[in-house]
Amino acid sequence: MVSILLAATMMTSFGEKVTAENAWREYPRPQLVRSNWESLNGKWDYKILAPDADGYSKEKAAGKILVPFAIESALSGVGRLTDKDELIEYRRTFKVSPSKGIRQILRFDGVDFRTQVFVNGIEAGIPHEGSQSGFSYDITSLVRSGENDLLVRVWDPTEGFVNSLGKQSLKPKGCFYTRVSGIWKSVWLEQVPETWIESYNVIPDIDNGKVDFIFNVKGADQNEDVEVEIFDCCSEKSSVVVAKGEGDGGERFSVKMPKAFRLWSPEEPNLYNFKAKCGDDVIRGYFAMRKFTKGKDKNGVLRFFLNNKPYFIIGTLDQGWWPDGLLTPPSEEAMKHDILTLKKCGYNMMRKHIKVEPLRYYHLCDKLGILIIQDMPSGDGTKVFDFSHANFAYGSVRREWKGVMDELMAVPSIIMWVPYNEQWTQPCDILTADMLRWTARYDPSHRLVNGPSGWRDFEGGDKGHNADDRAWSKHKGEGETESCDAIDRHDYNFRPSMHAVNPHRVSFLGEYGGIGCRVPGHLWTEDAWGYGQTGNDTDCAAVQKKYVELTAHVATLAKKGLAGAVYTQTTDVEGEINGIMTYDRKVLKFDAAALKKAHDLLRAAGE
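Set out below in structure tokens:
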């Protein structure tokens, strides 16, 4: 065994407040709320095992770990980098009072990578493989009244295996970061009736003043009727019912909204709460009346439209890394801080870059008002023409991408899916086009699809244009970036360019900027870097001046037809110092008012 102790080099003010008693105690799934649940976050026993360990190990626990923080993180209380062949074993007890007609559902919101779960010595089900989306086990038949034993065993190779690792690396450097192994999102227990609502989708139709619901009903009667009551959106706790409807479980049905319904936008993030009843099951959720599409402006140029009006989107590449929690945010307060800082600076969007956040993060985006472009975390490398990677595209990636989409389908702030970042883990032209078509068809609300963002796209095609399979040899060269709904260029020059206006695809700058700015005393490592430099990268005022000049240049592109842009990035991340904030979130490098003014001028040019 090789276990390396990682030094805690940096803490956020939010991480400094974390304790075993308050760590991630909020209800973990605000999109679908039930009253009967129990958090299993907190202190667990843990141990590191050899790769061939099987069954219950007799070795003594190595110590305590604070779940849901990954073992490599400072907030876990461990801070160890395990070997890629080792297993992490977690163990704790929990109490249950079984009741007739009540099922016990054990939920894991995120574990990296291969997870085995045992309840009272019995394996709960088929091991789960993946890292980004949640999974669950019905453990009703395994639990007993009183105290129960829960054991979780995880293997995470990080590299050299078919898995969605994103920017994790065994040797972090440059734009690759410390690996994250094992449990890194909430673990919880939920009680449901024999027939229950597992998930739902909402498809708003602002043009016809209605909203469609699709409920995924599980258990004894999956065709059970679902009754819906929609409440006035004046407040979160409003009990005034403004609309009602019902339909069969699994079937799509419509509910007519009141004539004076309120639209959702980043400027006015109005949310409608609803209650759904399915037999004995009662859940609460929410939705937004909003429409995000592409369309032609008065000059015939294809642009993004929000609620039937041209809408320029300007945001940051948001990677969601933290110095103390790594991929796990320290707290809800920490997540809210990042979102509000972006809004204060005049951003109306973020590209959630090759990471899937906890569901409470997306709820904050819905509630506070910011648009999200959601990436699928990429896998191992850039094997564009490796025919053996066909299994990767059609197997592991497709399964996990489906899980991610299922989990996030009810999030109204998400406006666009990105199945591939650049050419990372793209298998070939045929399979890329297939993935894009599948993504577009799988989402009944018809969100836009941008995939891949930047680099090779193989003319994946607008949903109705040129989406047929291409011959292997007819691939696009590097830099020629077309995709389903957007022509997406990544350009880190100080004067980035855009693709020519296209009749079917919106012109989009998926990554740009990345100007390095070093703030002494707030660095993860002295060996830090940025994509672009100003000559004196410790002078934040000089970097801000360059940022404003760069934004003015992007505004000239907006006048020519550019519809949106993503600046790299929200915060510094380990060795990268491209953020508008430092990695510890203690310094906003630029004046928020100056950035907002620049962004307002940019939006005016593009709308």
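All you need for our numbering is the position in the sequence shown, starting with 1, plus 343. Beta carbons are placed, not taken as given, at the ideal position from N, Cα and C, and that holds for glycine.
| request: Name the two residues that bound the continuous beta strand (DSSP E) containing Y705. | output: Looking at the DSSP string, Y705 is not in any beta strand (DSSP E); the run it does join, the alpha helix (DSSP H), is 702-711.
| query | Relative to the alpha-carbon of L945, which residue among S488, G658, I391, I540 has its alpha-carbon at the smallest distance? | reply | G658
| Within this structure, are the beta carbons of G628 and L375 separated by less than 8 Å? | yes
| task | Please classify H842: does DSSP put it in a helix, a strand, or coil? | result | coil
| Is A586 near W607, with beta carbons less than 8 Å apart? | no
| message | At the level of alpha carbons, what is the spacing between V460 and E432? | response | 10 Å
| field | Residue range of the unbroken beta strand (DSSP E) whose run includes K971 | value | The structure shown does not extend to residue 971, since the chain spans only 344 to 950, so no value can be given for it.
| query | Do you know how far the Cα of A753 is from the Cα of L774? | reply | 27 Å
| query | Given that a residue counts as buried once 16 or more other Cβ atoms are within 10 Å of its Cβ, and exposed if not, what is G517? | reply | exposed
| request: Pull up the distance between the alpha-carbon of G689 and that of I713, whole angstroms please. | output: 10 Å
| query | Can you give the beta carbon distance from L614 to K710, rounded, assuming they're within the 8 Å contact cut? | reply | 7 Å
| Complete beta strand (DSSP E) runs within the segment 617-642 (minimum length 3 residues, chain order) | 624-630, 635-639
| request: Specify the secondary structure class of G822 as computed by DSSP and reduced to three states. | output: In this prediction, G822 scores a pLDDT of 35, lower than 50, which makes its location untrustworthy; no coordinate-derived value is stated.
| task | Could you check how far apart the C-beta atoms of L418 and K386 are, in whole angstroms? I think they sit under 8 Å. | result | Going by Cβ atoms, the distance from L418 to K386 rounds to 12 Å, so no, they are not a contact pair.
| Does the count of Cβ pairs from the segment 672-687 and the segment 860-877 closer than 8 Å reach three? | no
| request: For the beta strand (DSSP E) holding D834, just list the boundary residues, first then last. | output: 829-834
| field | Option in S581, D831, N566 with minimal Cα separation from E572 | value | S581
| said: Rounded to the nearest angstrom, what separates R848 and Y763 at their Cα positions? | reply: 17 Å
| D388 to A405 span [Cα, whole Å] | 7 Å
| said: Do K427 and L513 have their beta-carbon atoms positioned less than 8 Å apart in this structure? | reply: yes
| query | Relative to the alpha-carbon of W638, which residue among E579, I445, L905 has its alpha-carbon at the smallest distance? | reply | Note on residue identity: the sequence assigns Gly, not Trp, to residue 638. Closest option to G638, Cα to Cα, is L905.
| query | In whole angstroms, what separates the C-alpha of W744 from that of S479? | reply | 17 Å
| said: Short of 6 Å in beta carbon distance, which residues of its chain neighbour K620, apart from the five on each side in sequence? Order them along the chain. | reply: E570
| field | Contact under 8 Å by Cβ, E490 with T436 | value | yes
| request: Sort Y704, M693, G949, R742 by Cα distance to D718 and report the nearest one. | output: M693
| message | Using the three-state DSSP reduction, which class does G658 fall into: helix, strand or coil? | response | strand
| message | Can you check which of these residues, H789, E472, D828, is closest to P500 by C-alpha distance? | response | E472
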